[in-house]
Amino acid sequence: MAEAIRQPMVLPIVVWALLTLLAAGSIGIALQRMHAARVEAAFAEAEAASATAEQVILRAFELVTSIHELLRIKAGLLDYSYSTAGIALDNHLRGLARDGRFGLLQVSVVDRAGDIAWSSAAEAIGLSVADREAFRVHLTGGIQGLYIGKPQVGRVSGRWSIMVSETLRGADGVPLGIGVVALDPVVLSQSLSQLVHGPGRRIVVRRLSDGAMLARSADIEQHIARPAEPDHPVVVTARQARNGQSSYESVLFHRETISAYRSPSVLPIVVSVVFDSEEELRGFWHTAYAVILCALAASALELHL
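Residue numbering for the sequence shown follows our numbering, beginning at 1267 and increasing consecutively.
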């Protein structure tokens, strides 16, 4: 009789087990699709933010390029110091530095010996910058166009600055000096901070040559002195393809990231938008755990009934 009782119970248990496995499989597939969709959405958002951040950086360097063009005109003027045009140009350059748009700190002309021959900051005239990277690279003649130096503390301002330099040449191509435009990386970083919101999100601007950090949308003061990272995953990838996506483990935080980057063809830099993967998927995992718990509860109730 005991055998007769056990046999009718076997079939419902088998059916329940099969239905549970089927439901579990369906839930698993649905959660995988939700996970993939959330990751794809995060990459799409990062790509959109990287395009916007690139434009902010390009506008800042458009100003730098315009100032270098004015410095070339300045260097080419005869009897510059005594001409009306020369005086007006000096005043205009000083006004630009005073306005500080895009973090503009200072505009200078450096002679071939490394001494500041003219500057928007009068107290800087006569100081030597011969030891500064942004000056030294032009002595070999191997640099064409703008050179973006590593952030360093300015001798006059006492603030972190990025020296963007270019050789000034006369109509005959002879070097007349070196133009230097100093940008404040903290102000530049603040302009980027308005583009991303939420925990674990940041925008980072690095030199393409060695990965040196130029700007960061969050806590730039804590990171600006970090050593260059020539093998940083985003930098390595950007050298091969100017625009794209990247997913890597943060060296600093040891957490997986979701990243999109852009490297403008006119500048040797890479602008990356980085999202902390755990933060981006936190909502998904909350939903997934809730679904799994509900499924387990329903399955247990069904077995009881």
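The C-beta atom is built at its ideal place from N, Cα and C for all residues, glycine as well.
A direct Cα-to-Cα measurement between Val1422 and Leu1393 gives close to 9 angstroms. For Gln1506, no beta strand (DSSP E) segment is defined; the enclosing uninterrupted segment is the alpha helix (DSSP H) at Pro1499 to Gln1506. Restricting attention to alpha helix (DSSP H) runs no shorter than 4 residues, the region 1341–1428 encloses them at 1350–1365 and 1399–1402, ordered along the chain.
Remark: C-beta atoms of Ile1535 and Val1462 do not approach each other more closely than 7 angstroms. A contact between stretches requires three or more CB pairs, one per stretch, nearer than 8 angstroms, and the region 1406–1421 fails this requirement with the region 1313–1324. Cβ-Cβ distances below 7 angstroms link Arg1435 to Pro1441 and Leu1442 in the same chain, with the five nearest sequence neighbours on each side left out; the list follows chain order. The three-state reading of DSSP puts Glu1487 in helix, counting H, G and I together.
Bridge partners of Met1479 according to DSSP: Arg1472. When the Cα atoms are used, Trp1426 and Ser1525 turn out to be separated by approximately 27 angstroms. For the 7 angstroms CB-CB criterion, Leu1458 and Ile1469 form a contact.
Distance between Val1540 and Phe1327, taken at the CA atoms: about 22 angstroms. Cβ atoms of Pro1465 and Glu1522 stay farther apart than 8 angstroms, at about 15 angstroms. The C-beta distance from Ile1333 to Phe1401 rounds to 17 angstroms, too long to meet the 8 angstroms contact threshold. Each of Ile1382, Glu1515, His1520 and Val1502 was checked against the Cα of Arg1528, and the nearest Cα belongs to Val1502.
For the options Ser1374, Leu1559, Val1330 and Arg1505, the alpha carbon positioned closest to that of Ala1341 is the one of Ser1374.
Nearest C-alpha to Leu1337 among Ala1383, Arg1548 and Ser1455: Ala1383.
Under the DSSP assignment, Leu1449 falls in the beta strand (DSSP E) whose first and last residues are Pro1441 to Leu1449. Taking C-alpha positions only, His1358 is separated from Val1330 by approximately 14 angstroms. DSSP places Ser1516 in no beta strand (DSSP E); its state is neither H nor E.
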